[in-house]
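Notes follow the structure.
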Amino acid sequence: SNRNVLDAMKRQMDRATFAYRLHFENEPAEELARELAGKLPEGMDRIFFVSGGSEATESCIKLARQWAVATGQASRWKVITRFPSYHGGTLGSLSITGDDALAETFEPMMRAMPTVPAPNAWRDRDNLSMEQRGIRYADMLEEKILAEGPDSVVAFIMEPIGGAATAALVAPDSYYPRIREICDRYGILLIHDEVMSGAGRTGKFLG
Numbered sequence: 001s002n003r004n005v006l007d008a009m010k011r012q013m014d015r016a017t018f019a020y021r022l023h024f025e026n027e028p029a030e031e032l033a034r035e036l037a038g039k040l041p042e043g044m045d046r047i048f049f050v051s052g053g054s055e056a057t058e059s060c061i062k063l064a065r066q067w068a069v070a071t072g073q074a075s076r077w078k079v080i081t082r083f084p085s086y087h088g089g090t091l092g093s094l095s096i097t098g099d100d101a102l103a104e105t106f107e108p109m110m111r112a113m114p115t116v117p118a119p120n121a122w123r124d125r126d127n128l129s130m131e132q133r134g135i136r137y138a139d140m141l142e143e144k145i146l147a148e149g150p151d152s153v154v155a156f157i158m159e160p161i162g163g164a165a166t167a168a169l170v171a172p173d174s175y176y177p178r179i180r181e182i183c184d185r186y187g188i189l190l191i192h193d194e195v196m197s198g199a200g201r202t203g204k205f206l207g
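Just so we're aligned: 158 in this note's numbering is position 158 of the sequence shown, and the numbers increase by one with no gaps anywhere.
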């Protein structure tokens, strides 16, 4: 009901309602791309628009696979994900969603990906500190990479702030840099699914 947004939508509909992004350029998309690029860290200056979260995560895993092939690493195709997690409802995004109930019906139609436990450190009953638990959960990723074979893993996808599957789960601070370190060690892409937490939803542009 924001009048500024509604007026902008109407102005655009009076000019053009749709322009297929892979074949046609359009001024609003270019302006928005420049605006978004200006809010991203240095070196992140490529913008690809999609219609929703499922298409966004599926595009990410497709780009990861294309990167592997283009760089002579065609053996890499596995995307490790967390359990539980939610990354979308299309077949590709569902294959990286850690939710058996959602995936069960479609298992014959897709290839399930390896999973590691989501860092529900606050539920653990042990004598470790939260920071130690964060390291332990992150190290589970390295264990999974080694079990699957590092040369077969192309990416790890995670929600920095959990969405529907984990009720806004935030890992201990020690978890995130350790995950980055492990991915770098094995040449694996790190994909942050911020469909629910990005674009200012946590008070910052990126969560």
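Glycine is no exception: its CB is placed at the ideal position from the N, C-alpha and C atoms.
If you compare alpha carbons, which of L146, A164, M196 and A103 is closest to C183?
Ranking L146, A164, M196 and A103 by Cα distance to C183 puts L146 first.
Boundaries of the alpha helix (DSSP H) in which K62 is found, first to last residue
In the DSSP assignment, K62 falls within the alpha helix (DSSP H) that extends over G53 to A70.
Length of the line joining the Cα atoms of T90 and M44:
Pairing T90 with M44, the inter-Cα distance amounts to about 26 Å.
Measure the CB-CB distance between P114 and K62 and report whether it falls below 7 Å.
Not a contact, by the Cβ cut-off of 7 Å.
Candidates S59, S51, P150 and S1: which alpha carbon is nearest H192's?
Of the candidates S59, S51, P150 and S1, the residue whose Cα lies closest to the Cα of H192 is S59.
Please state whether DSSP places T221 in a helix, a strand or coil.
Examination of residue 221 is not possible in this model, given that the chain is present from 1 through 207 alone.
Per-residue burial, T57 [other beta carbons within 10 Å of its own, 16 or more giving buried]:
Buried.
Candidates E55, D139, P177 and F48: which alpha carbon is nearest E31's?
Scanning E55, D139, P177 and F48 for the CA closest to the CA of E31 turns up F48.
Just checking my contact of A165 with S85 at CB under 8 Å: how many whole Å lie between their CB atoms?
So it is a contact: roughly 5 Å between Cβ atoms.
Segment limits, alpha helix (DSSP H) that includes A29:
First-last of the alpha helix (DSSP H) with A29: E27 to A37.
Between the Cα of I80 and those of T202, P177, G149 and D173, spot the shortest distance and give me the residue it belongs to.
The shortest Cα separation from I80 among T202, P177, G149 and D173 belongs to G149.
Continuous beta strand (DSSP E) assignments of at least 3 residues falling wholly in the region 90–124:
Within the region 90–124, the complete beta strand (DSSP E) segments at least 3 residues long are 115–117, listed from N- to C-terminus.
Can you tell which of M109, R178, A168 and D100 has the C-alpha that lies nearest to the C-alpha of L141?
Nearest neighbour of L141 by Cα position, chosen from M109, R178, A168 and D100, turns out to be R178.
From this set, L190, S197, V195 and G198, which residue's C-alpha is nearest W67's C-alpha?
Proximity to W67 across L190, S197, V195 and G198 peaks at L190, based on C-alpha coordinates.
Cβ atoms of S174 and G134: under 7 Å apart, would you say?
In contact: G134 and S174 (Cβ atoms closer than 7 Å).
How many angstroms separate the CA atom of L6 from the CA atom of Q12?
Within the model, the alpha-carbon separation for L6 versus Q12 is close to 10 Å.
Per DSSP, F83 is paired with what?
In DSSP, F83 forms a bridge with P117.
What whole-angstrom Cβ distance do G162 and A155 have, given they're in contact under 8 Å?
With 8 Å as the limit, G162 and A155 do not qualify as a contact, their Cβ atoms being about 18 Å apart.
Rounded to whole angstroms, how far is the Cβ of A171 from the Cβ of A121, which I believe are closer than 8 Å?
Going by Cβ atoms, the distance from A171 to A121 rounds to 7 Å, so yes, they are a contact pair.
N- and C-terminal bounds of the beta strand (DSSP E) containing I208
No answer is possible for residue 208: the residues shown for the chain start at 1 and end at 207.
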